[in-house]
Amino acid sequence: MGSVVSSENEDIKQNELLKKLAGTETISDNDPYWNKLFSFNFNIDQCSRTTQKEFVDNVNDFLQSLLYNTPTSSNFAILIQVFLRRCSELESSAKCENKIFLWQASNSLLIIRHICVFFAERLSSSEFVKIFESQARPSSANSITDDSPDAFLNEDGDSNQAEEFLTSLVDILYDLPVNEITLALHCEAIRVILALLSSQLYEDLVTEKSLFLKYLMRMKTKATNLVRVLLENYLYQTTTLPNQTRDSQSESLVISLASSMWSAFQKTVMIQPEDTDEAIDTNRYLPQSLGALSTSLLLNLVCYPSFDDKPNPYKEMLALFQNAQEVSSLANLEASFKLDFTALYNRLCETVNQNLPMLLLYMLLHNNGGFRNFVFSRINLENLVVPIIQVLNGGVMQPSFRSHSHQTYLALIVLLILSEDDFFCKIIHETKLKNVTWYQPERPISEISLGGLIVLVFVKTIHTNTVKTRDRYLHTNSLAALANMSSCFKHLSPLVCQKLIGLLETMTRRHGKLIQQMRENAEEQEVTDNIDELQESSGDSLHRDITALEEGIRTILEIINSCLCNNIRFNADLIYSILYKRQLFELYHNHPMFHDLLWNIYMVINHFTSKVDGCASSTSQPGGGPPSSPSVHTVLEAIKKAAIEWPTDRLKKFPDLKFKYIEDENTIDFFVPYVWRLVDQSAGIYFNLENVKIFNQNNT
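The sequence shown begins at 99 in my numbering and counts up one residue at a time.
Written out as structure tokens, the structure is:
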């Protein structure tokens, strides 16, 4: 049925149907031509980015002609009119299982999507909306360049065709049930919405210029249903879309239809991948599902805190939905909708190591208090937390941290949000993990508490950042999360304690080197008696590094203090490590920034040293020789016994270490470019990345 386009040839360049659409002659909306166009098979290899680029290059001349001619021919506007007319029959076609009609609707959206991506790159927001209007349609839009949504209302005050088209796509998503014969249509509807919003890619800065985004933001009555259905798709529409190319000329009608329906839905673009496990071959695309596409659109909508100085309705709905399993006698009038929190939690556990779900988890924890409390009440927290700390660990250890920084930052902030809860900080030390092989593959950890593993990863993160990355954001937030958890540290293993004290040792050594370097620079400047701009800049950078290290050292000392004050009886291995490295703490004794924190630590050192020395003196050699050194086991037993007898009021109390994550007011400059990176990598839409500007925003 219809013609077939193969990726191995350039037959598409000679296609008469596309030539007619791009020509100067106006095509009637009742012309049989539209049936022929919508029955055309775009049979492209969906696994190859190169193949898709070749396809876009081959249709470039058509799109250029359409852009030039459609203001007079109105053929693009008529294409939209034909689609809108067919929308009224979609629901009945789905009920009657009219596969051909639904396939044609999906095909029409595929054509519209390619056109919209092309137009969005080349037209201003007002020009883009204007091109949706037919010359024959009574409207004042053709003479308007105002970028306000209301500027494009027609003379009767009705919405323009661009907004009507966008509304119809939203209606498809929550009015049309998802099943085998409508799945392709749902996927393409989401892709077209993203294509309409893609004009943002070609802005130097994050703006609110997109009229299509404004149209979506004022669909307040539809926001609840759209957020609900996108989340439901993430939960339940997880099947990977078929990915195959068929020679439909030699197969039956049914197979030909299936081929063309599915061929449009496996395109993913991958640039600067943030997940190396997924990005094995940068010329091959990741598997696609309706759930992943829905998550892309949802995140695109909720990453704006507000819009036009008004609350973002989609972010509000994300913050207000409640647990469908929770029975309450009091009706919550603020609830936007209800969703199964258990299903959502389990789905996040399965996918949080991926970019889109990690960002979704952050949005949920930060905005939806009900879901956040639900997470804290789980008895299987390790299912969610372990993948997150794996992401943090993997991101920090990558040779190129910048290519993984977004997901790593999100993993860090999610853990910081979790660490704000006292119950979380306690329960993680009661949760045991066995055979942890990913932390240090050469020496797997046979058993460790979840809390201990979190401390290990944070210590490694801070250590790596201290000696290599030197990222202030990573440094500050990692220390904040550790500090939040410190009062609940219990039964830290020898490995964890060694790494924690080792981090303090590393920071101290580096601090000493920087101080020495600063002195040498000062002496050199005295000799030359001349300070150029480069030296001054280097001195400022050195001073910032020293300040950051001193703040870090103080925080580590505060963490040790907090642990000793609250749980000294349950941390014999930490006391052992402190005693083993007691000389390290002498370096801080006279430092004005640290001396107040040394009181408690020296109390512990002096008390337990006497107990260990007593243990050593009681160990005598046969024949009356000098006492032998006690074994590690003997020392630990002595420490444990002394810790039980330790009076709880002997240590000075310091204020509780509590840090709270506060979202920066400029996070839009982080999230919008990042979300578009994820769309580019995962939504199956081919963008000309050479012309994309928003990815340069703040080096995102």
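Glycine is no exception: its CB is placed at the ideal position from the N, C-alpha and C atoms.
Fill in: For P539, the three-state DSSP class (helix, strand or coil)
Here the question's residue 539 lines up with position 441 in the sequence shown. Residue state, collapsed to three classes: coil.
Worksheet item: Closest by CA to G493, which one among V770, P771, Q452, L662?
Response: By one-based count along the sequence shown, residue 493 stands at place 395. Selected option, being the one with the closest Cα: Q452.
Worksheet item: In this structure, what does DSSP give as the bridge partners for F405?
Response: As a position in the sequence shown, residue 405 is number 307, starting the count at 1. In the DSSP output, where bridge partners are listed per residue, F405 has K408.
Worksheet item: Do the region 302–313 and the region 256–265 touch if we need at least three Cβ pairs shorter than 8 Å?
Response: yes
Fill in: Cβ neighbours of A395 in the same chain (closer than 7 Å, five flanking residues each side left out)
In the sequence shown, the residue the question calls residue 395 occupies position 297. According to the sequence provided, residue 395 is Leu. The question's Ala does not apply to it. Closer than 7 Å at the Cβ level, and outside the excluded window around L395, lie I288, I291, L292, L328.
Worksheet item: Taking three-plus beta-carbon pairs below 8 Å as touching, is the region 222–231 in contact with the region 200–209?
Response: no
Worksheet item: Looking at the structure shown, is L531 part of a helix, part of a strand, or coil, going by DSSP?
Response: Position 433 of the sequence shown, counting from 1, holds the residue named residue 531. Strand, per DSSP.
Item to complete: Using the Cα positions of K758 and L514, report the straight-line distance between them to the nearest angstrom.
Response: For the purposes of this step, residue 758 is taken as the residue at position 660 of the sequence shown. For the purposes of this step, residue 514 is taken as the residue at position 416 of the sequence shown. For K758 and L514, the distance between alpha carbons rounds to 8 Å.
Fill in: Beta-carbon proximity of L463 to R470, cut-off 9 Å
Here residue 463 corresponds to residue number 365 of the sequence shown, with the count starting at 1. Here residue 470 corresponds to residue number 372 of the sequence shown, with the count starting at 1. Result yes, Cβ atoms of L463 and R470 sit closer than 9 Å.
Worksheet item: Between D127 and I178, what straight-line distance do the alpha-carbon atoms span, to the nearest angstrom?
Response: Locating residue 127 in the sequence shown gives position 29, counting from the first residue. Locating residue 178 in the sequence shown gives position 80, counting from the first residue. Answer to the nearest angstrom: the Cα atoms are 9 Å apart.
Worksheet item: Which partner residues of I546 appear in the DSSP bridge assignment?
Response: For the purposes of this step, residue 546 is identified with residue 448 of the sequence shown, where counting begins at 1. Answer by DSSP bridge pairing, in chain order: L531.
Discussion item. Less than 9 Å between the C-beta atoms of T746 and L682, yes or no?
Written reply: To locate residue 746, count along the sequence shown from 1; it is residue 648. To locate residue 682, count along the sequence shown from 1; it is residue 584. The answer is no: Cβ separation not under 9 Å.
Worksheet entry | Limits of the unbroken alpha helix (DSSP H) element including V450 | Translated into positions along the sequence shown, residue 450 becomes position 352. That residue, V450, is in no alpha helix (DSSP H); it is neither H nor E in DSSP.
Worksheet entry | Stretch pair the region 761–773 + the region 581–594: three plus CB contacts closer than 8 Å | no
Worksheet entry | Spatially closest choice to S475 from Q496, D155, F522, by CA coordinates | Locating residue 475 in the sequence shown gives position 377, where the first residue counts as 1. The shortest Cα separation from S475 among Q496, D155, F522 belongs to F522.
Worksheet item: Ends of the alpha helix (DSSP H) at Q488?
Response: Translated into the one-based positions of the sequence shown, residue 488 becomes position 390. Taken as a continuous stretch (DSSP letters only), the alpha helix (DSSP H) holding Q488 covers 480–495.
Worksheet item: For the region 542–556 against the region 613–625, are there 3 or more C-beta pairs whose distance is under 8 Å?
Response: no
Discussion item. For V400, tell me which candidate among K791, R652, L508, L314 has the shortest Cα-Cα distance.
Written reply: As a position in the sequence shown, residue 400 is number 302, starting the count at 1. It is L314.
Worksheet entry | Enclosing alpha helix (DSSP H) for C185 [first to last residue] | As a first step, residue 185 is located in the sequence shown; it is residue number 87 there, counting from the start. Unbroken alpha helix (DSSP H) run through C185: 173–185.
Practice prompt. Just the C-alpha distance for S163 and P539, rounded to the nearest angstrom, thanks.
Written response: Along the sequence shown, one-based indexing puts residue 163 at 65. Along the sequence shown, one-based indexing puts residue 539 at 441. Approximately 58 Å between the Cα atoms of the pair.
Worksheet item: Residue range of the alpha helix (DSSP H) that R220 falls in?
Response: As a first step, residue 220 is located in the sequence shown; it is residue number 122 there, counting from the start. Note, R220: alpha helix (DSSP H), 197–220.
Fill in: Rounded separation between F140 and L119 - CA only
Position 42 of the sequence shown, counted from the first residue, corresponds to residue 140. Position 21 of the sequence shown, counted from the first residue, corresponds to residue 119. Taking the straight line joining both Cα atoms gives about 16 Å.
Item to complete: Go through its chain and collect everything with a Cβ distance to S806's Cβ below 6 Å, but skip five positions before and after it.
Response: Outside the shown range of the chain (99 to 798) lies residue 806, about which nothing can therefore be said.
Practice prompt. Could you check the C-alpha separation between E195 and L281 for me, to the nearest Å?
Written response: Stepping through the sequence shown from its first residue, residue 195 is reached at position 97. Stepping through the sequence shown from its first residue, residue 281 is reached at position 183. The alpha-carbon atoms of E195 and L281 are separated by roughly 13 Å.
Practice prompt. With hydrogens ignored, establish whether the beta-carbon of T338 is closer than 8 Å to any heavy atom of the ligand GTP.
Written response: Among the components modelled here there is no ligand, and therefore nothing to report on the ligand GTP.
Fill in: Three-state class that DSSP yields for N421 in the structure shown
By one-based count along the sequence shown, residue 421 stands at place 323. Correct three-state label for N421: strand.
Worksheet entry | Pick from I477, L516, M691, I666 that is closest to E648, judged by C-alpha positions | Counting from one through the sequence shown, the residue named residue 648 turns up at place 550. Selected option, being the one with the closest Cα: M691.
Practice prompt. Please work out which residues of its chain come closer than 8 Å, Cβ to Cβ, to R183, disregarding the five sequence neighbours upstream and downstream, and give them in chain order.
Written response: As a working note, residue 183 is residue 85 in the sequence shown. Around R183: D127.
Worksheet item: Which runs of the alpha helix (DSSP H) fall wholly inside the region 551–612 and span at least 4 residues, in chain order?
Response: 570–584
Worksheet item: Based on the DSSP secondary-structure assignment, which residues constitute the bridge partners of L437?
Response: Taking the first residue of the sequence shown as position 1, residue 437 is located at position 339. Its beta-bridge partners are N421.
Practice prompt. Measure how close the beta-carbons of T336 and S392 come, nearest whole angstrom, since I'm counting them as under 8 Å.
Written response: Reading the sequence shown from its first residue, position 238 is the one you call residue 336. Reading the sequence shown from its first residue, position 294 is the one you call residue 392. About 11 Å separates the two Cβ atoms, so there is no contact after all.
Worksheet item: Cα separation between T322 and L188?
Response: Sequence index remark: in the sequence shown, residue 322 carries index 224 (1-based). Sequence index remark: in the sequence shown, residue 188 carries index 90 (1-based). Spanning the two alpha carbons is a distance of roughly 22 Å.
Fill in: Closest residue to W536 among D302, T564, I486, Y507 (Cα-Cα distance)
The count along the sequence shown starts at 1 and reaches residue 536 at position 438. Closest by alpha carbon: I486.
Worksheet item: Whose CA, out of L274, Y460, R326, Y686, lies closest to the CA of S186?
Response: For the purposes of this step, residue 186 is taken as residue 88 along the sequence shown, with counting starting at 1. Among L274, Y460, R326, Y686, the Cα nearest to that of S186 is on L274.
Worksheet item: Hey, quick one: how far does the alpha helix (DSSP H) through H504 stretch, first residue to last?
Response: Numbered from 1 along the sequence shown, position 406 holds the residue referred to as residue 504. Counting along the chain, the alpha helix (DSSP H) containing H504 begins and ends at 503–517.
Worksheet item: Buried or exposed: where does T170 fall if 16 or more other Cβ atoms within 10 Å of its Cβ makes it buried?
Response: For the purposes of this step, residue 170 is taken as residue 72 along the sequence shown, with counting starting at 1. It is exposed - the Cβ of T170 has fewer than 16 other Cβ atoms within 10 Å.
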